[in-house]
Every structure is written in structure tokens, then in C-alpha cells.
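*Asks:* Same order as they appear, the protein sequences are chains D and X.
So in UniProt numbering, spot 187 of the first sequence is number 187, and the numbers just go up one at a time.
So in UniProt numbering, spot 260 of the second sequence is number 260, and the numbers just go up one at a time.
Dropping the structure in here first, questions after.
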Amino acid sequence: MEVGMHTDSKSRAETGAESGPRGPGCSLRHFACEQNLLSRPDGSASFMQGVAEKSREQLIRNTCEAVVLGALHPRTSITVVLQVISDAGSLLACCLNAACMALVDAGVPMRALFCGVTCALDADGTLVLDPTAKQEKEARAVLTFALDSVERKLLMSTTKGLYSDAELQQCLAAAQTASQHVFRFYRESLQRRYSKS
Amino acid sequence: MAEAAAVAAESLAGGRARAARTVLNQVVLPGEELLLPEQEDAEGPGGGGERPLRLNAGARSRVRVVCGPGLRRCGDRLLVTKCGRLRHKEPGSGSGGGVYWVDSQQKRYVPVKGDHVIGIVTAKSGDIFKVDVGGSEPASLSYLAFEGATKRNRPNVQVGDLIYGQFVVANKDMEPEMVCIDSCGRANGMGVIGHDGLLFKVTLGLIRKLLAPDCEIIQEVGKLYPLEIVFGMNGRIWVKAKTIQQTLILANILEACEHMTTDQRKQIFSRLAES
Numbered sequence: 001m002e003v004g005m006h007t008d009s010k011s012r013a014e015t016g017a018e019s020g021p022r023g024p025g026c027s028l029r030h031f032a033c034e035q036n037l038l039s040r041p042d043g044s045a046s047f048m049q050g051v052a053e054k055s056r057e058q059l060i061r062n063t064c065e066a067v068v069l070g071a072l073h074p075r076t077s078i079t080v081v082l083q084v085i086s087d088a089g090s091l092l093a094c095c096l097n098a099a100c101m102a103l104v105d106a107g108v109p110m111r112a113l114f115c116g117v118t119c120a121l122d123a124d125g126t127l128v129l130d131p132t133a134k135q136e137k138e139a140r141a142v143l144t145f146a147l148d149s150v151e152r153k154l155l156m157s158t159t160k161g162l163y164s165d166a167e168l169q170q171c172l173a174a175a176q177t178a179s180q181h182v183f184r185f186y187r188e189s190l191q192r193r194y195s196k197s
Numbered sequence: 001m002a003e004a005a006a007v008a009a010e011s012l013a014g015g016r017a018r019a020a021r022t023v024l025n026q027v028v029l030p031g032e033e034l035l036l037p038e039q040e041d042a043e044g045p046g047g048g049g050e051r052p053l054r055l056n057a058g059a060r061s062r063v064r065v066v067c068g069p070g071l072r073r074c075g076d077r078l079l080v081t082k083c084g085r086l087r088h089k090e091p092g093s094g095s096g097g098g099v100y101w102v103d104s105q106q107k108r109y110v111p112v113k114g115d116h117v118i119g120i121v122t123a124k125s126g127d128i129f130k131v132d133v134g135g136s137e138p139a140s141l142s143y144l145a146f147e148g149a150t151k152r153n154r155p156n157v158q159v160g161d162l163i164y165g166q167f168v169v170a171n172k173d174m175e176p177e178m179v180c181i182d183s184c185g186r187a188n189g190m191g192v193i194g195h196d197g198l199l200f201k202v203t204l205g206l207i208r209k210l211l212a213p214d215c216e217i218i219q220e221v222g223k224l225y226p227l228e229i230v231f232g233m234n235g236r237i238w239v240k241a242k243t244i245q246q247t248l249i250l251a252n253i254l255e256a257c258e259h260m261t262t263d264q265r266k267q268i269f270s271r272l273a274e275s
């Protein structure tokens, strides 16, 4: 099986499903998503947000393995191909979102959906969700979480920088709240796709 | 924080399981849990309601529900594993609770026992043909599984031929096996497909739509040109008309049917009928 996708963190108007920033207290950037845009792979999705390499792949792979029902497809390899079109911050979270949408598009059986959310802590301890590249560079710590859709459990976390235990819990709570917006966006864009048929 | 609480209250696909019949024909996402009809009384509003007193506390009437593609049994609930619309079919003969399944759009075929598929012969080794059916491994087809085939009278099948057959063995643990005869030993339309014509691929959802009992698309296509057409449940369609141009037109129409609405389709057909 092959699943291909483009990740693009730049904010621009795009056909397909879109959403604007949602509600006070949540400062996520503009999302846009398009599904089934490549004809040759079994499934494909394009996810735009806002706007390590061996280790980054390993993180995404571990997240996918935790969620995909591999027992239904023994002796089968599922290949996920990610192509970065541009990186404007929160790249890993964007990759996770794109991987999830592409797996859903390919019809791979999964026990839940997952999403990625990035938090940045700057020098004052202020929490910024979904930071831009500039905010990430100037931050004291950058934390990325992958959360599942059923109970907002943590599937994967990767962090860089200095932070205290209390700050970690705070970031995780903020990420869990933000993930609801991402999952709502998934639901809307999938409903739009199925409403055409 | 009032906003956070409000957001949490309208959270989707998490926590509370919903009754299956309230979600029928709606889009469901992987990870959702569905309750079957007999369990709704026990759940009650708020989840922790009291159980109604029953005289025979032990025996609860159980309805046997069949769990179709896209759903898995999780305890005594259904877990959705694919994204799509939830469908339900009432039982015909009155026993059991019917079938639930998820109607999803995907391109990848997974072999299922009993499906009729179009395969391409890729290798001939001894008594077995290897046939590519679009799954993760090629299916095996014995040379004796054709109508009228015996050890002396072998069927005329070459590498590269198209075969229409059905699966007799297809599960995740074993290599799929297919045959070109039915249980009575008759071909029933199966076997090698002729050499001309065009084979092309469409999504699995379109095939199911075209094979539905009262599909208008096929009736309209039949009125356009005389044609031969074979549908494989693995997303492959073989079509043959009198000239190459007509064959290509038919192939394009069938591929485009997925994205067109009924009116657009009727327009195209009327335009083709005139020319």
C-alpha cells in the first residue's frame, strides 16, 4: 500500500476544506485540507497549517503503528510518503495531521484518529500553540504532542529545550484542548467529501 | 473557563458511545463506538441510570447483529475502523438484527471470499496460475478450476490474459485462491475474458454503485452503443464496444461517473446520443 501527501505550512487560500481561527483562547492558524488528489497511490491528502530526519520519521511511524489495526493486514507493508512543500513552523504536527488524513483516505483500518499539536514556551513562560518558525526559534522550549481522538490520550511526545514539570502539564492540557478543534476540522472535511457522493 | 467547558461538551468522537440507529446514513469516523438497539435501554440518559427491574434478571433478549466492513466488535459494542457512511439492512427472514456496515470510498481492494474479480495472469508455474487481483499478494488459480478442464484437456490460458473468477479462499492469514467455476462445476460467465477491449480501474465505491440492482447508469450506457462489460469487485472494469473510439468513450464516461451529478450525466449522454 502506498499513501502520499504534501505538507505545506504556509497560509494561503486553497480549494478543499478550510477553517479559520477558532474561538478566544485558541490561537491555531488557518487550516486547509484536500483529499484524494493523487491518482496513483491508494490514498492521498494535502494538509496546510498556518503556515531530524530519521528521528522525525520514526516518531511519525510509531504514532501510526499505535493507531493502525495491523493485525488485519499481516505480511503487508504500509508505506507512508511525506513530501514537505514548505516549512513555516510546527512541521512535525503538520506531518502527523497529513499522515492521519491520508491513512483515512486510503481506507486503512484504524482504532482512532490522531492529530499533532505543537506548543512553544518563550522566555517569560508564555505558552504559544502552533508556533511559526520564528516563534519556534526564539522559544525556550518546543513541545510536540500526538493525541488520539477517542480519549485525547497521548500517543507520542517530543520535546526540545528547558521546561519544568508544571509547564509540561500545562502544555499538554492546552494541546488536548486544541486537538478538539483539529478533530472537528477532520470531521467537517470528511463530511464534505462524503456529501458529494 | 466557560469557553473550554463549552468546547469540551461538544467534543466529537470521544467518550460517549452513540446508538447506532441515530447515526444511520451519517458519516462516522474511526474510533467511534456504537451501541446496538438492545443496549440503549440499559444505558439510560446520562450513562449511569438505573436498570429497569426484570423478572428474569439473568436472561436478556439478544439480537444477533452482523458486523460488516468497517466495523469491529469491541466488547458488546461496535467500533468504527473506517471513515464512511453507516448503513443498516434489515434481516430478510425475520431472525437476527440485520447487518451494519460502513460505506467507505477507497481504491485499495482487500480480497473477500465469494467476490467476483477480474485478475491478470502474471505467472504459470506447474499446475497453478498466479493472478494479480490488486491485493497485497497474487491469488492462485488451479488449471483444473475451469469448466470442462481435465488433466489431459488443459485450458488455454497465457500470461497476460484477463480472468474473471471468484474467491474460494480469502482471509488475512492465507494466500487467496480463486476459481472459474461455481459450486456446480459450471462456468457461469467466469473464465478467460476475450483479447480485445479495455481494462481500467475505478474506485470500489463506484463498482458497488454500478452493480446495485436498479442502476440507471448501466441502463443509459446500454442504450448508447452495443457493448460487453465485465465488473470486478476489485475496482476493475473491462469494456468492449464495436470500435476503439466507442470503447474509449465508454471508459471515460464510467470513470467520470464518480464525480458527476445525475443531471450532468444525463446531459453528456444526450449529447453523445445525438452525435
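Ideal Cβ positions, reconstructed from N, Cα and C, are used throughout, including at glycine.
Note that the coordinates shown come from a computational prediction; the quantities given were computed from them, not determined experimentally.
#1: How big is the Cα-Cα spacing for residue 17 of chain X and residue 82 of chain X?
#2: Would a C-beta distance cut-off of 8 Å place residue 120 of chain X and residue 160 of chain X closer than the cut-off?
#3: Is residue 97 of chain D buried or exposed, if buried means 16 or more other CB atoms sit within 10 Å of its CB?
#4: Over what stretch of residues does the alpha helix (DSSP H) that includes residue 269 of chain X continue unbroken?
#5: Can you find a CB in chain X that lies within less than 8 Å of the CB of residue 110 of chain D?
#6: May I ask you to list, following chain order, the residues of the stretch 63 to 97 of chain X that have a beta carbon less than 8 Å from some beta carbon of chain D?
#7: Let me know the secondary structure DSSP gives residue 243 of chain X once reduced to three states.
#8: What's the call for residue 259 of chain X, buried or exposed, on a 16-neighbour Cβ count within 10 Å?
#9: Roughly how many whole angstroms lie between the Cα atoms of residue 97 of chain X and residue 65 of chain X?
#10: Could you name the residues that DSSP lists as bridge partners for residue 97 of chain X?
#11: Exposed or buried, what is residue 85 of chain X when buried is set at 16 or more other beta-carbons lying within 10 Å of its beta-carbon?
#12: Who does residue 114 of chain D pair with in a DSSP beta bridge?
#13: Name the chain A residues that come within less than 9 Å of residue 42 of chain D, Cβ to Cβ?
#14: Identify every run of the alpha helix (DSSP H) within the stretch 198 to 238 of chain X, keeping only runs that are complete inside it and at least 4 residues long; order them along the chain.
#15: Would you identify the three-state DSSP class for residue 167 of chain X, choosing helix, strand or coil?
#16: Can you check whether the CB of residue 154 of chain D is closer than 8 Å to the CB of residue 147 of chain D?
#17: How would you call residue 43 of chain D, buried or exposed, if buried means at least 16 neighbouring beta carbons within 10 angstroms?
#18: Give the DSSP-derived three-state secondary structure of residue 72 of chain X in the structure shown.
#19: Decide if residue 48 of chain D is buried, meaning its Cβ has at least 16 other Cβ atoms within 10 Å, or exposed.
#20: Kindly give me the distance between the Cβ atoms of residue 121 of chain D and residue 127 of chain D, rounded to whole angstroms, as I take these residues to be in contact under 8 Å.
#21: Grab me the residues of residue 100 of chain D's own chain with a C-beta within less than 7 Å of its C-beta, minus the 5 sequence neighbours each way, in chain order.
#22: Residues in the same chain with beta-carbon distance under 6 Å from residue 12 of chain X, minus the five sequence neighbours each way, listed in chain order, please.
#23: Using a Cβ cut-off of 8 Å, pull out every chain D residue sitting near residue 31 of chain X, in sequence order please.
#24: Looking at the unbroken alpha helix (DSSP H) that takes in residue 35 of chain D, where does it start and where does it end?
#25: I need the DSSP call for residue 132 of chain D, collapsed to helix, strand or coil.
#26: Let's test the definition: count the other Cβ atoms within 10 Å of the Cβ of residue 169 of chain D and tell me whether it reaches 16, buried, or not, exposed.
#27: For my contact list, residue 162 of chain X and residue 238 of chain X are in at a C-beta cut-off of 8 Å; report their separation, rounded to the angstrom.
#28: Assess contact between the stretch 225 to 241 of chain X and the stretch 143 to 158 of chain X, defined as three or more Cβ pairs (one per stretch) separated by less than 8 Å. Is contact present?
#29: By the criterion of Cβ-Cβ separation under 7 Å, what are the contact partners of residue 106 of chain D in chain X?
#30: When you compare the stretch 195 to 206 of chain X with the stretch 239 to 254 of chain X, are there three or more beta-carbon pairs, one atom per stretch, that lie closer than 8 Å?
#31: Between X/164, X/110 and X/151, which lies nearest to residue 174 of chain X when the distance is taken from Cα to Cα?
#32: Can you name, in chain order, every residue of its own chain whose Cβ lies under 7 Å from the Cβ of residue 174 of chain D, other than the five neighbours on each side?
#33: Please list the residues of the stretch 161 to 187 of chain D that have a C-beta atom closer than 9 Å to any C-beta atom in chain X, keeping them in chain order.
#34: What residue from D/77, D/32, D/157 and D/139 has the CA that sits closest to residue 176 of chain D's CA?
#35: When the distance is taken between beta carbons, is residue 128 of chain X closer than 8 Å to residue 140 of chain X?
#36: Are the CB atoms of residue 112 of chain X and residue 80 of chain X nearer to each other than 8 Å?
*Replies:* According to the structure data:
#1: 16 Å
#2: yes
#3: buried
#4: 262 to 274
#5: yes
#6: 70, 72, 79, 81, 82, 83, 84 and 85
#7: coil
#8: exposed
#9: 5 Å
#10: Bridge partners of residue 97 of chain X: none, in fact.
#11: buried
#12: D/148
#13: Among the protein chains in the structure shown, which are D and X, there is no chain A.
#14: 204 to 210 and 216 to 224
#15: strand
#16: yes
#17: buried
#18: strand
#19: buried
#20: 6 Å
#21: 113, 114 and 115
#22: Bear in mind that a pLDDT of 44 at residue 12 of chain X, under 50, signals an unreliable position, so the number given afterwards is only what the model happens to contain. Contacts found: none.
#23: 110, 111, 112, 113, 148, 149 and 150
#24: Per DSSP, residue 35 of chain D belongs to no alpha helix (DSSP H); it is in the beta strand (DSSP E), 31 to 35.
#25: coil
#26: exposed
#27: 6 Å
#28: no
#29: 106 and 108
#30: yes
#31: X/110
#32: 119, 127 and 129
#33: 177, 180, 181, 183, 184, 186 and 187
#34: D/157
#35: yes
#36: no
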